[in-house]
Structures are given as structure tokens and as C-alpha cells.
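Respectively, the protein sequence lines represent chains F, Z and W.
Going by the working numbering, the letters in the first sequence line up with residues 6 to 340, in that order.
Going by the working numbering, the letters in the second sequence line up with residues 89 to 374, in that order.
Going by the working numbering, the letters in the third sequence line up with residues 59 to 389, in that order.
Quick reminder that beta carbons are idealized off the backbone N, C-alpha and C, glycines included.
Computed from a predicted model, the values in this text were never measured in an experiment.
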Amino acid sequence: MLFFKRYLLPRIVQFLVVVFVGITIVFIVPRLTPVDPVQQVINRITAQGAFLDPAAVDSMRKSLTELYGLEGSMLQQYFAFWGRLFRGDFGPSLFQFPIPVTQLIMTSLPWTAGLLISTTLISWIVGNLLGGLAGYFKDRRWAKVLDNISMVIRPIPYYIFALLLLILFAYLFPIFPSAGGYSVGRRIGFNWAFISDVLKHSFLPATSLVVLGIAANFMTMKLIVSNIVAEDYVMYAKAGGLKESKIAFKYVLKNGLLPQITGLALSLGQIFGGALITEIVFSYPGIGTLVYGAINSGDYNLIMGVTSLSVIGIAGATLIIDLLYPLFDPRIRHR
Amino acid sequence: MESFKELMKDGRFKFAFIVICVLALMSILSFFSPYNPLKWNVVPRDLPPRWPHILGTTSQGQDLFWQSTFAIRNSLIIALIASSISRVIAVIVGLIAGYKGGKVDTILMSINDSFVVMPLLPILILIASVMRENLTMVTLGLILSLFGWAWDARVIRSQILSLREREFTYTAILSGTRTFSLVIKEYFPFIIPIIFSTVINNMIWAIGMEVTLAILGLTNIEVPTIGTMIHWAVNYQSMLLGYWWWILTPVVISILLFVALYLLSSSLSEYLDPRTRIQRIGKAGQ
Amino acid sequence: MDILKTENLKSYYILEMGETKKEVKAVNDVTINIHEDEIYGIAGESGCGKSTFLKTICKLVEPPLRMIGGTIYYQIDGKYVEITEIKEEDFRKLRWKYISYIPQGSMNALNPIIRIRESFKDFFTAHQKIENEERDFEEPLKKHLSALGLPVRVLKSYPHQLSGGMRQRTTIALATILKPRIIVADEPTTALDVVAQRAVIQLLKDIQKLQKNTIILVTHDMAVHANITDRIGIMYAGMFVEEARTDDIFENPLHPYTKFLIASLPKMGDKTYKPSVPGVPPSLSNLPPGCPFHPRCPYVMDICKKEIPQLVELNTEHKSACFLNSKERVE
């Protein structure tokens with residue numbers, strides 16, 4: 006019970022606060038700007054050369070206002086917004102009218118989720134392992150080499166790094182396809198030909214996420230470990246003549262991974278942003294490319310839908326990691 | 089001066105310092121540019137790097153070297169606006185949460201943590217796509233500052249929490265020092281190093297965000313920044329057409345800038361951290 | 059026979075900042091002999107180099123600490139072995155079986171995320187093969203714990219679930235599981251409450267009686283020394299200034315510094331004012347010339363300011379490093 010009150014409850018509350026703040030921002034932003042989104046859409050349509058008589062413009066304005074949920078007072082709009090959110094209804098896409106936004110997102114989501122989950126796991130495991138070992142054996146040659154490499158890679162933003170990979174492997178040494186999720190014309194199905202095609206297409210986007218992810222985890226873990234090696238229990242294990250490998254893994258790495266679990270929860274939002282960018286560079290058919298299309302076509306409903314869902318998704322994933330944390334840390338589990 | 093000499097012994101700091109100086113010099117050169125950065129077709133198009141256009145020219149007829157000087161200047165201005173304002177927010181939130189404690193702390197930190205966890209990019213995309221043409225450099229800096237304070241507010245808060253428990257706080261309170269002057273006189277000396285060590289990382293983040301939004305075409309793409317330079321290069325398919333110097337210039341500049349800023353911040357914070365200082369000293373004895 | 063001896067042992071912390079080099083002489087020319095089957099106490103103010111001395115004789119020297127000179131001998135099967143000549147891997151095998159270490163009571167010496175049993179197993183298997191879990195590990199472990207009066211249930215706990223005193227007793231059980239010849243204890247009672255201190259002291263006594271090994275006990279608490287040690291060495295500014303049998307030192311302290319230490323102890327029924335040592339300990343990086351104690355010594359003579367007194371035997375098993383005493387002898 007104490008565990009629930011002290012550990013679980015604050016985290017669940019935090020989840021609700023994140024969702025509340027995020028969704029409220031999503032609601033407020035389009036309404037705070039001097040730009041009237043309805044007028045903007047109409048402008049765009051008229052700018053494309055179509056002549057519309059005033060009556061048609063009026064009716065379009067009315068339906069667009071309804072579509073955006075811009076009817077009634079601010080408060081009414083706000084509650085209506087939450088109501089639609091609970092129903093999973095973000096309205097129709099403006100560009101691919103009348104396909105619901107939710108349906109578009111659901112088509113792209115598996116691609117993004119697949120890319121994101123696999124690359125996050127790989128870079129978390131590899132980065133922490135290497136970072137932990139390099140932190141423990143910090144005077145070895147390989148540790149210094151790895152340290153220097155990640156020091157240079159670490160600060161590069163996803164976009165730049167993805168561009169570099171694209172220049173290198175798609176144009177200079179065309180080993181991998183530069184765009185798409187699978188070859189044009191290939192039938193989607195659960196067979197080896199399709200899967201290997203998907204893997205080949207996702208190799209470059211995945212690499213860009215994994216390399217940057219490894220570098221980030223490497224640097225953080227190395228810092229954590231440099232503190233842990235000074236802990237009493239590590240020195241004591243040395244005094245006890247335990248084998249180096251045992252100290253490195255069971256005493257240093259295992260303890261160092263705990264803050265990294267929390268770190269993973271905290272950085273999910275950033276990783277998600279990175280995945281969006283990478284997808285756009287490689288025209289990978291996930292949420293990022295969907296968003297890019299929405300930006301170019303001014304599809305607000307779609308952008309709002311993606312933003313709302315990503316806030317909920319990231320907050321949810323963070324909550325799950327937080328709830329799993331006690332499984333790894335007995336100090337939380339057994340008070 | 090003494091500490092600068094010692095810092096220069098660190099290879100990372102030396103490299104970072106030199107790169108930053110060169111880039112700063114370039115941004116100053118922008119004031120002497122012979123071309124208006126907003127005008128197209130001021131030089132012959134698509135020239136590879138050679139004198140007098142040492143970095144080549146673009147398909148828009150702009151000189152890449154002089155364009156870069158403006159881009160560096162503008163990107164740095166955005167980063168400075170974003171990081172300085174977000175420092176102010178971080179200090180205020182961190183001070184209040186840490187000093188008041190209790191309910192105020194709980195509420196502020198829970199909002200704070202929401203900003204840490206939140207996927208900022210989609211939200212920034214939403215904001216930028218609503219603002220579009222109205223997104224000037226200053227507004228972009230302001231918006232980024234509204235989202236970039238949370239991590240550092242937490243750091244400042246924990247510093248204040250530990251300061252609050254120290255003796256001098258009690259002495260000050262018991263001797264009737266007012267809260268405001270206590271904070272300014274006694275706490276600020278401890279906060280300033282944190283501000284400096286976080287400001288560089290925040291600049292890296294802000295420049296990265298600017299680049300991202302610009303490439304997506306969500307900022308004012310007429311104004312040259314590192315992001316908009318990449319945007320145009322990508323948009324004109326410079327890579328496919330073989331104008332490699334066009335895409336390479338902003339990419340290399342941005343990598344140099346990011347790496348130099350990062351090395352600067354990590355070597356500085358290592359230098360300021362008393363514990364690694366001892367380790368370094370110990371190593372020297374071997 | 060001696061189990062461990064040092065000759066002119068020197069360990070310094072070497073700090074270098076730019077051009078300036080700083081040496082902290084934490085262990086400064088120490089020559090001592092420690093016998094088999096005894097509890098040898100080391101006393102002194104904090105910062106006098108006690109802990110550094112222990113680290114050096116356990117070969118737990120890591121930068122910025124460095125062993126500058128001198129030799130350390132372990133007696134292994136009747137032969138003296140110079141420990142710098144032992145290979146790293148061979149020395150690892152000596153740990154816990156030959157020499158083990160009890161940390162300060164305030165230290166988190168146990169891995170916080172594994173159960174106590176796991177910790178025992180890690181330390182055990184580092185030196186001994188387990189073929190049959192039950193026969194080779196569980197049984198001896200339970201026997202060991204019950205011999206030391208510790209409940210077997212601690213094995214199932216995590217370190218944070220035990221009280222400070224219990225944790226320290228568990229650490230002591232861990233340090234003695236392989237019946238080492240030498241046990242080095244660094245302030246084992248510090249940061250514990252009085253009841254827990256008493257239990258820890260009793261435990262150390264019991265273990266020594268049971269296993270007949272040597273305990274080197276460092277503490278600044280003279281009462282603990284009086285309670286448990288056979289012989290005491292008094293450290294001051296990185297040097298041993300006096301060494302004698304425990305009862306000898308309490309009855310007849312020879313060095314002025316020891317006299318202060320003893321005189322400051324409360325006695326039953328005595329309500330007089332207790333003088334403490336005047337002044338402050340010298341900085342180990344900037345020692346005064348001559349005897350390091352001379353600035354605080356009420357009996358200071360001219361020679362004290364120029365020469366460093368050597369530790370010489372005055373009575374049976376009673377050594378002191380003070381010109382006051384050696385001069386008495388000479389005259």
C-alpha cells in the first residue's frame with residue numbers, strides 16, 4: 006500500500022499531467038496565433054486559381070470551422086476536443102478528404118513503431134554495454150578510441166547525420182536503397198522476400214538512429230560508471246579479490262543500468278522526434294513522412310492528431326518503463 | 089587567465105575553442121559581405137569552389153561562403169535568444185521550487201517533468217506550421233526558449249535544495265536577511281556556474297531544432313541560417329545534380345559547430361567538477 | 059613469529075596542478091612488525107594516515123595515492139614474501155584467504171541490488187570452487203553465521219533492509235568466511251550506535267578467538283583499543299610515534315602525544331578537567347622540520363625542531379619516537 010502511495014501514484018499522476026499539459030498545448034497553439042487556420046485553407050484554395058463565389062466560400066468556412074472544432078466558446082471547444090480525443094476521433098484529413106486522420110496514422114504507425122522500438126532497444130543495450138565497459142576499463146586503448154568516436158558523433162543532430170549517411174551510402178557507395186520502406190511494386194506479405202526487402206530499406210534509417218543512440222547512451226553510461234567505480238561496494242569487491250569481469254558486470258554495469266532505465270523513459274520524447282526526422286530523410290513510410298506530407302499540404306487535423314497521439318504514446322511508454330523499474334531495483338521493491 | 093591556460097592543455101577544449109573562434113570570425117565577416125543575402129542571382133550559378141567563390145555558388149546564384157557567414161550569425165543569434173531566455177525561466181522555476189518546497193515544489197516539478205518527457209518536436213512542428221511566415225528569427229528563439237528550460241530548472245532546483253540545508257542559510261534567515269537578498273547574495277554565486285555549463289548544451293539543442301524546423305520548411309526560409317541553407321540544397325536536389333559543395337558546406341559547418349560546442353561544454357564542465365579534477369591531478373602524478 | 063612486517067614504508071598522495079606539485083605524506087617511513095595471533099591496534103587523530111597505511115599494506119593503492127618506497131612482507135607458510143613481487147593474479151587469490159578487509163561502519167560495502175547471499179557467493183567463488191552447492195557453500199556459510207551469532211535470514215535480505223549495526227556484522231562475517239590469516243579493520247565501529255559498537259567489538263573478539271588469526275584494527279576510539287587490542291601503535295602525521303602492549307601504553311605512556319590521548323579519556327569517578335591535545339595536527343603536505351609533533355609539544359627541546367626522532371625500543375616491547383625518552387636513556 007505504501008509502495009502504491011509512494012511510488013505508483015506519483016507516476017500515474019505524472020502521466021496524467023503530461024497528457025493534460027501536452028494536449029492543452031495542442032489545443033491552444035492553433036487558437037493563439039493571429040492566423041485563422043480556416044481562412045488560410047480558403048486562401049490556399051483560392052490561390053490555386055479556383056474561383057469561388059462568396060456563398061460557396063461561406064459554406065466552406067462553416068464546414069471547415071466545424072471540422073476544426075472551432076465552434077462555440079473557448080471552453081466548449083476545449084471540452085469538445087477532449088471528448089473527440091477519448092473517442093479516438095481527430096476528424097478527417099483535410100488533404101486526403103474524407104479519410105479519417107486516425108486511419109492514416111494507423112497505417113503508418115506499425116512502420117514507425119517497428120523502427121523505433123528495435124533501434125531504441127539495440128542502441129540502449131549496445132550503448133550501455135560499451136559505455137559501461139569503457140567507463141570501467143577507462144585506460145584501455147579501445148575505450149579511448151570509442152570515447153573519441155562517440156564524443157564527435159554525440160552532438161550531431163539526427164537530420165545532419167541521416168544526410169551524411171544518405172550522401173555516403175546511397176549516392177557515393179550505392180549499397181542501400183535511399184528511400185521508401187520496400188521496393189516499388191513488391192507485394193506486402195509475410196514472406197522472406199518481403200521481409201528482407203523491408204530490412205534492406207530500413208537499414209539506413211535504422212543505422213542513423215542506432216549510431217546516434219549508441220553514442221548518446223555510451224557517453225551517459227560512461228559518466229555514470231565513472232561515479233560508480235568510486236562506490237564503496239566496488240572498492241570492497243576489489244579488496245575481496247573478485248574477478249575483474251565479475252566486478253565490471255555484476256557490480257558496476259548492473260548498478261549503472263538503473264539510472265539508465267529512468268534515462269530511457271526521460272529521453273523517449275527526443276528519440277521519437279529523431280525517428281520522425283530520420284523517416285523524412287529516407288522517405289520511410291512512417292509517421293514522420295506522414296507529418297512531412299501534412300506540413301506541405303497544410304493538413305492541420307493530421308498534424309494535431311499526430312501530435313496528440315505522440316504525447317499520449319510517449320507519456321504512456323514512459324509510464325510503463327517507470328512501472329517496470331521496481332522489478333530491477335530492490336530498494337524500491339522492498340522498502 | 090590561469091585557468092584558460094590550463095584549459096588549453098586539454099586537446100578537446102583547444103580544438104573547440106579554435107573552431108568557435110573561426111566560426112565567430114566568419115559571422116562577423118557577414119557585416120562586410122559584398123552581396124545581399126536575401127537576393128538571388130547575384131553571382132553565376134552552380135560554380136564549384138574556386139576563386140573568388142571559395143565555397144562555390146548555388147543554383148539560386150548565391151555565393152556559399154558569404155551566405156554561410158550570414159547563416160552562422162543568424163543561427164547563433166537564434167540560439168542565444170533561446171538559451172538566454174530559457175536560462176531566465178529555468179532559474180526562476182528552479183529557485184522558487186527549490187526554495188519554497190512543499191506543494192509549490194510538487195506542482196512546479198510536475199509541470200517541469202511534463203516538459204522533459206513531452207515529445208517536443210511534434211509540438212514545435214504544430215506551432216511552426218500554424219505560424220509559418222510569421223515565424224521570424226526572434227519568435228523562433230522565443231518559442232524554443234519556452235520549451236528548453238525544463239532540464240536545467242531541475243538541476244538548479246536540486247542545487248538550491250542542497251544550499252537550503254547548509255548552515256549559512258539558517259544563519260542568514262535567523263539574522264533577518266530578506267528572502268530576496270538571501271537568494272541574490274548567497275545563492276547566485278552557486279547558480280551562475282550551472283547557468284554557464286547548461287547554456288552551451290541548450291544552444292546545441294536550439295540550433296538543432298532550428299535546423300530541423302528549417303529543413304521541414306517551417307521557418308522563414310528566405311533568411312539564411314544553417315537550417316535554411318540545408319533546406320535549399322535539399323530542395324534543389326543538389327546531391328542528385330552533383331552540386332556536392334552546396335549541401336556539404338552547411339553540413340560541414342553544422343557538424344563543426346555542434347561538435348565544437350559539445351566539446352567546449354564537456355571539457356568545461358569536467359574542468360569545473362572538483363571530483364574529476366582530483367582524478368586528473370592524480371593521473372598526472374603517475 | 060611475525061605475520062606481516064613493513065620496512066621504511068612510504069605512501070604519498072601526489073597531486074600535480076600545472077607546475078605545482080604537492081605531496082601529501084600520509085605514510086612516512088613506517089617500520090613495524092605484526093605478530094601472528096594477536097589484535098594489533100592503530101590509534102591516532104583523523105587524518106594521521108591510519109587508513110592510508112591499511113590501504114598500502116592491503117595493496118589497495120590507487121592514484122593519486124602511490125607507494126613511494128619501502129617494503130611490505132607477508133609471512134606465507136613460514137616464509138617472508140615481498141608483496142610487490144607477487145603477480146597481480148596471484149595476489150588476487152591471496153585476498154580474503156590470506157588477508158581480508160573490514161570497511162568503516164558507515165560504508166556501503168555491499169552491492170545494493172543483490173541479496174546478501176549473492177554477495178557471499180561472489181566473494182566465496184572468487185577463491186573457492188563450489189561443486190556441490192549445498193555441501194560446499196550453504197552449509198559452511200550457515201555454520202559460519204551461526205558461529206558468529208548472526209541470524210540466517212539476513213542472507214535473504216538486501217543490504218538496505220538491515221540496520222547499520224547488522225549490516226556491519228554481516229560485512230564482518232563476509233570478511234571472515236574464508237578464515238583469513240590477517241583481518242584488516244578500518245574504523246569498523248565508526249558511525250554505529252553504542253549498542254551496535256559493542257556487538258561489533260565482541261564479534262571481532264570472538265572471531266579472533268575462533269580462527270586464531272591476526273586482526274589489525276584501526277580506530278581513533280581509545281576505549282575500543284583498551285577493550286580489544288593486545289598491542290597498540292600510535293600514529294601521528296604519517297609516522298608511528300609509540301608502540302607497546304595495550305596495558306603498558308595505558309599505564310605508562312611515554313610519548314607526549316600518547317600521554318595527551320590517554321589523559322583525555324574519562325575514568326570512573328574522576329571528575330577533573332580533561333586536557334585535550336593543544337593545537338591542530340600538521341598538514342601532511344607541509345610537515346614541520348624535525349619531530350612533527352614539536353609545535354604542539356609542551357616539552358619541546360631544540361633538537362626536536364631539527365631532527366626526526368626514531369622509533370626505538372625503551373622497555374620490553376615498548377617503543378617510542380621521542381628525544382625526551384631517548385635522552386633519558388642516554389643520560
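Close to chain Z, meaning a Cβ-Cβ distance shorter than 8 Å, is no residue of the segment 100–116 of chain F at all.
Here residue 210/F is near residue 283/F, since their CB atoms are less than 8 Å apart.
Within the segment 94–113 of chain Z, contact with chain F at the beta-carbon level (separation under 9 Å) is assigned to 100.
For residue 159/W, the enclosing beta strand (DSSP E) stretches over residues 157–160. In summary, residue 61/F is exposed, with fewer than 16 beta-carbon neighbours lying within 10 Å of its beta-carbon over all protein chains present.
Secondary structure note for residue 202/W: its alpha helix (DSSP H) is the uninterrupted segment 197–205.
Look at residue 97/W here: in three-state DSSP terms it is strand. Restricting attention to 106/Z, 113/Z, 212/Z, 248/Z, the CA atom closest to the CA of residue 156/Z is found in 113/Z. Only those residues of the segment 122–133 of chain F whose C-beta falls short of 8 Å from the nearest C-beta of chain Z would be listed, and there are none.
It is roughly 10 Å from the alpha-carbon of residue 263/F to the alpha-carbon of residue 331/F. For the pair residue 244/F and residue 252/F, the CB atoms are not nearer than the 8 Å cut-off.
Per DSSP, residue 67/F has no beta bridge partner at all. Proximity of the segment 130–139 of chain F to the segment 285–301 of chain F falls short of the contact definition, fewer than three beta-carbon pairs being nearer than 8 Å. Chain-order list of chain Z residues neighbouring residue 271/F: 204, 205, by C-beta distance under 7 Å. Assigned with DSSP and collapsed to three states, residue 265/Z falls in coil, not helix or strand. Below the 7 Å Cβ cutoff, chain F contributes 244 as neighbours of residue 116/W, in chain order. Check the Cα spacing between residue 312/F and each of 198/F, 146/F, 90/F, 151/F: the tightest is with 90/F.
Nearest C-alpha to residue 87/W among 111/W, 327/W, 105/W, 253/W: 111/W. With a minimum length of 3 residues, the unbroken runs of beta strand (DSSP E) contained wholly in the segment 293–348 of chain W fall at 297–303.
With 16 or more other Cβ atoms from the protein chains shown falling within 10 Å of its own Cβ, residue 247/W counts as buried. Here residue 96/Z is exposed: its Cβ has fewer than 16 other Cβ atoms, across all protein chains shown, within 10 Å. Taken through DSSP and simplified to helix, strand or coil, residue 72/W comes out as strand.
Going by beta carbons, residue 233/F and residue 261/F fall inside the 8 Å limit. The beta carbon of residue 213/F does not come within 8 Å of any beta carbon belonging to chain Z, so the residue lies off that interface. Close to residue 260/F, with beta-carbon spacing below 9 Å, are these residues of chain W in chain order: 169, 170, 171. The three-state reading of DSSP puts residue 258/W in helix, counting H, G and I together.
Collapsing the DSSP output to three states places residue 359/Z in a helix. For residue 117/W, the closest C-alpha among the options 97/W, 106/W, 146/W, 189/W is that of 146/W.
Under the three-state reduction of DSSP, residue 312/F is assigned to helix. Among the residues facing chain F, residue 346/Z is included, as its CB has a counterpart in that chain under 8 Å away.
The three-state secondary structure of residue 140/W, taken from DSSP, is strand. In the DSSP assignment, residue 241/W falls within the beta strand (DSSP E) that extends over 240–244. At the C-beta level, residue 161/Z and residue 115/Z come within 8 Å of one another. A straight line joining the alpha-carbon of residue 144/Z with that of residue 337/Z spans about 9 Å. Here residue 251/Z is near residue 275/Z, since their CB atoms are less than 8 Å apart. Chain-ordered, the chain W residues with CB closer than 8 Å to the CB of residue 334/F read 171.
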